[in-house]
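The structure under discussion appears below in the form of structure tokens.
Now the structure itself:
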């Protein structure tokens, strides 16, 4: 599946119920970044991109860009 910035932004907005997202935003700066928001994002990434991210790896993400870079890396393998 094609992984694009726009598609990831849409998924992040949906998972975290946000109006606006930037690549350099820190995930923990969002009020909705809690355990439920995190699980929602993981599920939507799996559903839309067919990519599984381990909890350990997901815990290392600080920004939306970190998520994108990981997805792109996994997609190219």
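In the numbering used here, the protein residues as written are 659 to 735. For each residue, glycine too, the CB sits at the ideal point set by N, CA and C.
- Message: Can you tell me where the alpha helix (DSSP H) holding residue 727 begins and where it ends?
- Response: Position 69 of the chain shown, counted from the first residue, corresponds to residue 727. Following the DSSP letters along the chain, one finds residue 727 inside the alpha helix (DSSP H) bounded by residues 722-734.
- Item | the segment 701-712 touching the segment 677-685, judged by at least three CB pairs closer than 8 Å | Fewer than three pairs of CB atoms, one per stretch, sit closer than 8 Å, so the segment 701-712 makes no contact with the segment 677-685.
- Task: Report yes or no: do the segment 723-735 and the segment 689-698 share at least 3 C-beta pairs separated by less than 8 Å?
- Result: When C-beta atoms of the segment 723-735 are compared with those of the segment 689-698, fewer than three pairs fall below 8 Å, so the two segments do not count as touching.
- For residue 674 and residue 682, the rounded distance between their alpha carbons: Here the question's residue 682 lines up with position 24 in the chain shown. Here the question's residue 674 lines up with position 16 in the chain shown. The C-alpha of residue 674 is placed about 16 Å away from the C-alpha of residue 682.
- Query: On the three-state DSSP scale, how would you describe residue 719?
  - Reply: Taking the chain shown and counting its residues from 1, the one referred to as residue 719 is at position 61. Taken through DSSP and simplified to helix, strand or coil, residue 719 comes out as coil.
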